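With the first letter of the sequence shown counted as 1, position 26 gets the number 33 in the working numbering; the numbers rise by one all the way through. Cβ atoms here follow ideal geometry from the backbone N, Cα and C, with glycine treated the same way. Computed from a predicted structure; not experimentally measured. Report on the structure given below.
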Amino acid sequence: MSPAKALRRALSRTADVLWDLALVTHGVSQEMADQDGVVEMLPSGTLLLLLDGPGGALGLAMIDREIMTGLIEVQTLLQVTQMPVEDRPITQTDAAMMAPLVDGTLDRLERYLEGHPLRPQFAGFRFGAMVEDARTAGLLLDAAGYRAFNVSVDLALGRRKGTILLVLPDRPDAGKADAEDGDAGAPGPHERKMKLLPVRMDAVLCSLTIPLSAAQRLRAGDLIPLPPEALDSVEFVAGAGPAVAGGRLGQMNGMRAVRLSWPQGAGNVSAPMREVSELEPGGMVELAAAAVSRPEPEPDPEPEFSASEMTEDLPDLPPMEFDTGDFSFDAEPAEAEAGDFDFDFSAAPLDVEES
């Protein structure tokens, strides 16, 4: 279907669907023009409508007073009359009442040109706003060339006769731009391999300060006392950068899990999380040999240190009080609720990357 035929059919079909109006086109003339040529095509006293297109492209539609009056009558009086056309200023209300015909025609014109090489140039245009006069329209049109379609129409079996002018910018690269936009969402040539690259992320319970001599004697299986609030302040750190997420350490389906509390929008975990006393009644977390993915040090002939040695060479600190509630080291672990699993940090391997 040629653009001229598609425009004729789009106008007639839109008027019929919207208002059951018989709109007949008697001919369509098409020509190319520059900005000055478009301005010369716009007679005074007609309704001028700016058309918004993709990428900031601007088009123009002109509807003469005779056709504008007939379209207003069919929307207000439900019929087209032959009363004389009023010589009055054209208002924004007149423009708004033409919007359904303009938008419907442009939408159908795009669909009727499916498969046509010029379709990308006509796609995406819609009613924008009213333009005061031809001079203002000429200042807004900035394309190098325009396709102008001059359509002779009559309404309601000849009760109103007039002209509709449709001006759209000539965009020879419109099809190429659409193809590039479509390729933007396609996967890149190396996307599959890049997704397979390992990314390390460490889960940090808390930071402790201990003497260097004590740190050098750390071995797999040693126990380090942690503050009670450590389970509630787990942070995920990637490399040497700042923390990227944080939450509360717990268990789900018998495995260690972290319920994220930040950043905002982190997914909620529906599985119940146990209290601190259920997770580890002794308040101690066992560090496995691969806890931080570092190689195991060479055996040291020195004896393993005790927890009390960690405080050597440290300045005296004021006593700290923790509100532990009813927590007791001698109490039995609380009975797991339905659907929970027993959680034993000392028995379960700690794999930071998988958690």
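A residue is called buried when at least 16 other Cβ atoms come within 10 angstroms of its Cβ; R207 does not meet this threshold and is exposed. As the crow flies, the alpha-carbon of M48 is around 15 angstroms from that of L147.
In this structure, the alpha-carbon of A264 lies about 31 angstroms from that of P218. The beta carbons of D110 and I79 sit no closer together than 8 angstroms.
Ranked by how close their Cα comes to the Cα of A64, the residues S9, D229, L175, V241 have L175 in first place. Excluding the 5 residues flanking it on each side, F129 has same chain C-beta neighbours closer than 8 angstroms at P10, L113, L116, E117, L120, L175, in chain order.
Beta bridge pairing from DSSP links Y153 with A40, P176. The DSSP-derived three-state label of L267 is strand. According to the DSSP secondary-structure assignment, D59 is paired through a beta bridge with L65, R133.
With the rule of 3 Cβ pairs closer than 8 angstroms, the region 79-95 counts as touching the region 164-171. According to the DSSP assignment, G246 belongs to no alpha helix (DSSP H), since it is labelled neither H nor E.
Take the alpha-carbon of G152 and the one of D23: they are about 32 angstroms apart.
Around the CB of R142, fewer than 16 other CB atoms lie within 10 Å, so the residue is classed as exposed.
Beta-bridge partners assigned by DSSP to Q258: R263. With a threshold of 16 other beta carbon atoms within 10 Å, D94 falls short and is exposed. Counting only the Cα atoms, N157 lies some 22 angstroms from V92.
Nearest to P96 by alpha-carbon distance, out of D180, M201, M137, is M137. Nearest in C-alpha terms to P205, of all of E236, S240, A245, is A245. The beta carbon of L54 is closer than 8 angstroms to those of M69, I70, D71, R72, M75, I97, D101, A102, M105, M137 in its chain, skipping five residues each way along the sequence. For L58, the closest C-alpha among the options H123, P50, S240, L67 is that of L67. In the three-state DSSP reduction, G169 falls in the strand class (E or B). Here S159 is bridged, per DSSP, to G34, T170.
In this model, D177 and P270 are separated by some 48 angstroms (Cα to Cα). Only exposed fits R226, as fewer than 16 other CB atoms lie within 10 angstroms of its CB. Pairing A144 with V46 gives a Cβ-Cβ distance under 8 angstroms.
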